[in-house]
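> The opening residue of the sequence shown carries number 23 in this note's numbering; numbering runs sequentially from there. Backbone N, C-alpha and C fix where the C-beta goes; we use that ideal spot for every residue, glycine too.
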Amino acid sequence: MARKNQETAPKEQLSPVSQLFASPSLYCVIVLTLGLQTRCNPTTIVEGIKNTWINLPRFSSKVEMRKNGKAFWIPVSVRVEDHVIIPEFDSSSYIDNPDQFIEDYTSNLANTPMDMSKPLWELHLLNIKTSNAESLLIGKLHHSLGDGMSLMSLLLASSRKTSDPEALPTTAATTQHVDSNHRGWLLVERFWLMIRIIFTTLIEVFKCLLTLCFLRDTKTPLTGKPGDRTQSTKIIHRMISLDDVKLVKNTMKMKVNDVLLGMTQAGLSRYLSKKFDEDMVVEKKMSLDKIRLRGTVAVNLRPDTKIEDLANMMAKGSKCRWGNFVGIVILPLWIRSEDDPLEYIRRAKATMDMKKISVEALFYYGLVKFAMKILGEKVIESIVKRLCDHTTLTFSNVIGPDEEISFFGHPMSYVTASALGGPQALIIHYVSYVNKIIINLAVDTTVIPDPHLLCDDLVESLDIIKLAVLEKGDHKIEV
23 MARKNQETAP KEQLSPVSQL FASPSLYCVI VLTLGLQTRC NPTTIVEGIK
73 NTWINLPRFS SKVEMRKNGK AFWIPVSVRV EDHVIIPEFD SSSYIDNPDQ
123 FIEDYTSNLA NTPMDMSKPL WELHLLNIKT SNAESLLIGK LHHSLGDGMS
173 LMSLLLASSR KTSDPEALPT TAATTQHVDS NHRGWLLVER FWLMIRIIFT
223 TLIEVFKCLL TLCFLRDTKT PLTGKPGDRT QSTKIIHRMI SLDDVKLVKN
273 TMKMKVNDVL LGMTQAGLSR YLSKKFDEDM VVEKKMSLDK IRLRGTVAVN
323 LRPDTKIEDL ANMMAKGSKC RWGNFVGIVI LPLWIRSEDD PLEYIRRAKA
373 TMDMKKISVE ALFYYGLVKF AMKILGEKVI ESIVKRLCDH TTLTFSNVIG
423 PDEEISFFGH PMSYVTASAL GGPQALIIHY VSYVNKIIIN LAVDTTVIPD
473 PHLLCDDLVE SLDIIKLAVL EKGDHKIEV
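1) Specify the secondary structure class of residue 83 as computed by DSSP and reduced to three states.
2) In angstroms with no decimal places, state the Cα-to-Cα distance between residue 70 and residue 107.
3) Quick one: grab the DSSP three-state call for residue 412.
4) Buried or exposed, going by whether 16 or more other CB atoms sit within 10 Å of the CB of residue 213?
5) Going by DSSP, what residue range makes up the beta strand (DSSP E) through residue 183?
6) What are the boundary residues of the beta strand (DSSP E) that residue 435 is part of?
7) Got a sec? Which residues, its chain only, sit under 8 Å from residue 117 by beta carbon, not counting five neighbours each side?
8) Rank 394, 440, 457, 489 by C-alpha distance to the C-alpha of residue 423 and give the top, closest one.
9) Note down, in chain order, each residue of its chain lying with its Cβ closer than 8 Å to the Cβ of residue 346, except the 5 sequence neighbours on either side.
10) Tell me which residue opens and which closes the beta strand (DSSP E) that residue 144 is part of.
11) From 281, 284, 285, 311, pick the residue whose C-alpha is nearest to that of residue 295; which is it?
12) If you reduce the DSSP assignment to three classes, tell me which class residue 151 lands in.
13) Among 136, 246, 364, 215, which one has its Cα closest to the Cα of residue 282?
14) Roughly how many angstroms lie between the CA atoms of residue 196 and residue 89, to the nearest whole one?
15) Compare the beta carbon distance of residue 58 and residue 142 with 8 Å and say whether it is the shorter of the two.
16) Go ahead and label residue 119 buried or exposed: buried means 16 or more other beta carbons lie within 10 angstroms of its beta carbon, across all protein chains shown.
17) If we ignore side chains and look at the alpha-carbon of each, how far apart do residue 474 and residue 258 end up?
18) Within 10 angstroms of the Cβ of residue 446, are there 16 or more other Cβ atoms? Answer buried if so, exposed if not.
19) DSSP state of residue 339, grouped into three classes?
20) May I have a chain-ordered list of the beta strand (DSSP E) segments no shorter than 3 residues that lie completely inside the segment 216–296?
21) Nearest to residue 427 by CA position, among 102, 260, 435, is which residue?
22) What does the Cβ neighbour count give for residue 462, buried or exposed, with the cut at 16 atoms within 10 Å?
23) If you draw a straight line from the alpha carbon of residue 35 to that of residue 148, how long is it in whole angstroms?
24) Quick check on residue 383 - is its C-beta less than 8 Å from some C-beta in chain B?
25) Note the first and the last residue of the continuous alpha helix (DSSP H) segment covering residue 127.
26) From which residue to which residue does the alpha helix (DSSP H) around residue 373 run?
27) Using 10 angstroms around the beta-carbon of residue 382, count the other beta-carbons present and answer buried if the total reaches 16, otherwise exposed.
28) Below 8 Å, can you find three or more Cβ-Cβ pairs linking the segment 382–394 to the segment 217–230?
29) Out of 138, 228, 261, 229, state which residue places its alpha-carbon closest to the alpha-carbon of residue 481.
30) Could you check which residue in 441, 421, 464 has the C-alpha nearest to that of residue 453?
31) Please classify residue 62: is it buried, with 16 or more other beta-carbons within 10 angstroms of its beta-carbon, or exposed?
32) Spell out a yes or no on whether the segment 403–416 and the segment 95–105 are touching, meaning 3 or more CB-CB pairs, one atom from each, closer than 8 Å.
33) Report the rounded CA-to-CA distance for residue 182 versus residue 68, giving the unit in angstroms.
34) Measuring only the C-alpha atoms, how far is residue 487 from residue 374?
35) Is residue 505 helix, strand or coil when you go by DSSP?
36) With distance defined between alpha-carbon atoms, name the residue in 285, 140, 376 nearest to residue 489.
Written out as structure tokens, the structure is:
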């Protein structure tokens, strides 16, 4: 009877982007870590997942690849206890360094291939006290389930405010209002904006075509190696103050994204400068000036993220209209030995302003969707792999809740995540939570054997930028 029900259950075809992630040659997973303020109760977590996640079709389906190259979601019966893993060990007996143990555990989980014959998710419960949490939940989810914004929405829809256990969390958002005194200029502004969008998009698409054809990044100590690196990934994270980022943001009159990108550019420049010193390169500054280094960035194409809608879908068990709705942009990084550390922030803002008026991310998404039908999966796989192979790293920033939340009754202390896959040796993700930002690095240790040094350089770069802002003496404190 169970087999008959499975055969007659509706089968949904994977979206073009999800099918790319599900292909063996573009194996991509997301590793999610939730730090909790209390010891974890496995029974509560299992019951919470049974009442929420399992109602979403993709969490109760496996992926089946057909001979024609198409992939489908096949509904199956799910026993949550088989996906919630509780390792057996006595933390007090032999774990001398809990932080290092968790780092090794997470990295080992990332390097272990997923079982594609069952629903593509698992959650590990570790009652180990670390520097920043009393216990941890480490999730491993296949990227075909959804993109970063989908999974963040899922996390938030599964959580409640600690100040109000019945209320859903909120995230920081900005709303733009149109001044009625300037409505007369609206038509002219829209026309000029359309011209800028078209012109900028054409330039960025042309640059992408050059990248696909022959334009490679400069070979540096961050350049990935071709081939399979699933056995050499290491994941580390570090926390910085969101207030420090906001201080720089407010003083420079920029966005948080601009500050994070500027900090990244400064940190990478510091790291590469040290590496060139080790290689006894005499003209260090000239060497940095000659570097072409770019990152691929996944851009959320949704107008907004509706946590309430997702919570209602889980409660009703209806099909969820979320997944992998993302496009790709190529982000040039300013790698220099700058005397003024604020120049990294100014360059970041100029880059981000240019990207904001371009619709290249939407163009690429439509191109993949169209080309998948015409050229087939293998051709698109080759194009995506070539794009990643010709660039150096992946960069992203996800906005988390701006107030403390609890996950199935467990108050959280932090959340961080990283998407793993592709030939790039460095993946940088930033996730915000209340008053902190978590830097998450996923590196190929055969290329970058010292990821902690790289992380130190990112953190120190923010400190240097903050000091430069304070020296200006005109910073504003956000209330």
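This is what the structure gives:
1) strand
2) Spanning the alpha carbons of residue 70 and residue 107 requires a straight line of approximately 15 Å.
3) coil
4) exposed
5) 181–183
6) 432–442
7) Within its own chain, the residues whose Cβ lies closer than 8 Å to the Cβ of residue 117, once the five positions on either side in sequence are excluded, are 111, 123, 150, listed in chain order.
8) 457
9) 37, 39, 40, 43, 165, 166, 168, 169, 172
10) 143–148
11) 311
12) coil
13) 364
14) Unreliable positioning characterises residue 196 in this predicted model, as indicated by a pLDDT of 44, which lies under 50. The coordinate reading is nonetheless provided below. So the alpha carbons of these two residues sit roughly 47 Å apart.
15) no
16) exposed
17) About 8 Å.
18) buried
19) Because residue 339 carries a pLDDT of 49, less than 50, the predicted location of this residue cannot be relied on, and no value is offered for it.
20) 255–263
21) 435
22) buried
23) Here the alpha carbon of residue 35 sits roughly 35 Å from the alpha carbon of residue 148.
24) Absent from the structure is chain B; it holds one protein chain and no more.
25) 120–133
26) Counting along the chain, the alpha helix (DSSP H) containing residue 373 begins and ends at 364–378.
27) buried
28) Yes: at least three Cβ pairs fall under 8 Å.
29) 261
30) 421
31) buried
32) no
33) Roughly 17 Å separates the two Cα atoms.
34) 18 Å
35) This structure leaves residue 505 out entirely; the chain is present only between 23 and 501.
36) 285
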